[in-house]
Structures are given as structure tokens and as C-alpha cells.
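Residue numbers (my numbering): -2 to 207.
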């Protein structure tokens, strides 16, 4: 049937066929590029940003711990007030960052760890409030015992969970990066396959049209 067609018809039919093949290759390429872009966006929003937030939480947490010692060593009421304000601001910043971090959680494991973090933070926060009140009352010896005893335990518990959050996000980032690499490799191979198939079909149409 193709041989009986006029030359102009053959050329037109071949052009349409090649255009369709090119369109198919282009559409697939756009689809795969979007998939890779979406995967990269997901990695940024679910791994990169949260890791930065965890780092901010960890830094501010350590600054709070340092300030507990400064509060105990404060020599005047004004100094104590300044340290307490700094501690309050740091704890407020941790709360703010924690709320933002919570919105990035996408897995059950991540939710479980964050719930554990909230519990340990609540426990350490209660010890911080008790510690500050003892210092305000001038009961520094009792505050020192709390700082080195129960308060040290609750602080370590919170630190351990912060470390786990960081490790979990790092592992998630590694897996996501590996998945994205596989996605890009697969897309490349498929595109090469489509391109080769398109070239072969174009050559065949050219031969039949001759």
C-alpha cells in the first residue's frame, strides 16, 4: 500500500510519522524531567531544610545548657535576669523551629522520633523551670544538685533524641539521593532507546519512500 502512494503522499506520511515519534520522545523527556525535578524538590523540603532546622535546634539547646551554668554563677540580680531572658529567648526559638520542622515530617519513623523529642523536651523544660526558680530563691546549692543530677539526665535524653533525628534525616537524604540517581539513569536509558528507535523508524520510512 505504501509503495502505491504518490511521492508527495509518502513524504508527507513519513514527515507525520517522524513528527509523532519526535513528539513522543519530547513528551517522555518532559515527563521524566518533571519527575526528577519533583524528586529534587522533595529532597530539599524533606531532608535539606529539616537538617538545617535540626542543627539550629541542637545549637540553641547547647546554648541553653551553657546558660544554666551562667545562671548559677550570676553574681547579681540583674545578671540573673539577663541570663534568664536569654534562656527564655533560646527556648522560644527552639519551639519555633520545632514547629516548622514538624511540618516537614513525612514518615511514621520521623513522627515517632519527633514525639519522643517533644516528651524529652517537656521533661528537660520542667527541670529548667525548677532550676531557675531555685536560683531566684537563692537556693544555689539545691540548684547545683539538680543541675548535676536529674537535670543532667533529662538534658542527655533530649540530646540523644536530637542526635537520632539528625541521623534519621541523614539516612533519608542518602536513600533519596540514591533513588534520584536511579531515576535519572533510567530516564537516560529510556530516552536513548526512544531516540534510537526513532532514528531507525525514520530511516525505514526514508527507504520505503524512495
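Every residue, glycine too, gets a C-beta built ideally from N, C-alpha and C.
None of the values given here were measured: they were computed from a predicted structure.
{"Item": "Cα-Cα separation, residue 123 to residue 157", "Value": "18 Å"}
{"Item": "Cβ-based neighbour list, residue 163, same chain, cut-off 8 Å, excluding 5 preceding and 5 following", "Value": "48, 51, 52, 55"}
{"Item": "For residue 195 and residue 19, believed in contact at Cβ under 8 Å, the rounded distance", "Value": "7 Å"}
{"Item": "Contact set for residue 81: own chain, Cβ-Cβ below 7 Å, skip 5 residues either direction", "Value": "68, 129"}
{"Item": "Distance CB(residue 84)-CB(residue 61) smaller than 8 Å", "Value": "yes"}
{"Item": "DSSP-derived helix/strand/coil call for residue 104", "Value": "coil"}
{"Item": "In chain order, each alpha helix (DSSP H) run of at least 4 residues that lies wholly inside the region 130 to 187", "Value": "137 to 145"}
{"Item": "Runs of beta strand (DSSP E) lying entirely within the region 20 to 73, each at least 3 residues, in chain order", "Value": "none"}
{"Item": "Touching by the beta-carbon criterion (3+ pairs, under 8 Å), the region 27 to 47 and the region 175 to 192", "Value": "yes"}
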